[in-house]
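Asks:
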Amino acid sequence: MRLLGLDPGLRNTGWGVIDVDGSRLVHVAHGTVNSDGSRELPIRLTQLYEGVTAIIETWNPAAAAIEETFMNRNPGSALKLGQARGVVMLAPARLGLEVAEYSATRVKQSVVGTGGAAKEQVQAMVKMLLGGAKIKGADAADALAVAICHAHHYRSPHEQYARVAGSKK
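Note that the sequence shown covers residues 156 to 324 in the numbering used here.
1. Any idea if Tyr316 is buried or exposed, counting beta-carbon neighbours within 10 angstroms, 16 or more meaning buried?
2. Within 10 Å of its beta-carbon, does Ile173 have 16 or more other beta-carbons around it, so buried, or fewer, so exposed?
3. Tell me the DSSP secondary structure of Asp191 in three-state form.
4. Look up Glu223 in the DSSP assignment and say whether it is helix, strand or coil.
5. Excluding five sequence neighbours on each side, which residues of the same chain lie with their C-beta closer than 6 Å to the C-beta of Ala296?
6. Between Ser265 and the rest of its own chain, which residues show a CB-CB distance below 6 Å, the 5 nearest in sequence each way excluded?
7. If you count every other CB in all the chains shown that lies within 10 Å of the CB of Thr269, and 16 or more means buried, which is it?
8. Buried or exposed: Pro197, going by 16 or more other Cβ atoms within 10 Å of its Cβ?
9. Can you name the start and end residues of the alpha helix (DSSP H) that Ala209 belongs to?
10. Considering only residues of the same chain and omitting the five flanking positions on each side of Ser258, which have a CB-CB separation below 6 Å?
11. According to DSSP, is Ile290 part of a helix, a strand, or is it coil?
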């Protein structure tokens, strides 16, 4: 199963694609979608939407996951990040993908084992879990961490049914 992880940001949105085969995780691709900071907000949001849509069309994931945002002290920045997050969520949803959300703490717990892990610890574990993949950029590494988290928690509707049907009462 192929999963897409997304780390939303107005300037840079990280993305990472992994394949999941049982307990095996395989790095497929990663990168960032950038918006032009000199342009008007609607243009920047369109750039993010089109960039994420192109990634989905190129890599054809079965599902997507996105990191939840944390509260920002600057209301203007928080609003813009929320708008960016909205279009980043919209792209996979419009293409029919299920979109899961995970808190940063849950992503860190999933990847490192503790919700208080430092960014460097998360990046090191992502690299290790993906067989030493050469990962460029913190945003892409964060997106791959989200994809790994989703791999640990995701169950397709068929798998969910099979688990319930096969469970002992």
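For every residue, glycine included, the Cβ atom is placed at its ideal position computed from N, Cα and C. Computed from a predicted structure; not experimentally measured.
Replies: Taking the geometry as given:
1. Unreliable placement is indicated for Tyr316, whose pLDDT of 38 sits below 50; the coordinate value is still reported in the next sentence. Label assigned to Tyr316: exposed.
2. buried
3. coil
4. coil
5. Gln278, Val281, Ile290
6. Cys304, His307
7. exposed
8. exposed
9. 196-214
10. Glu223
11. coil
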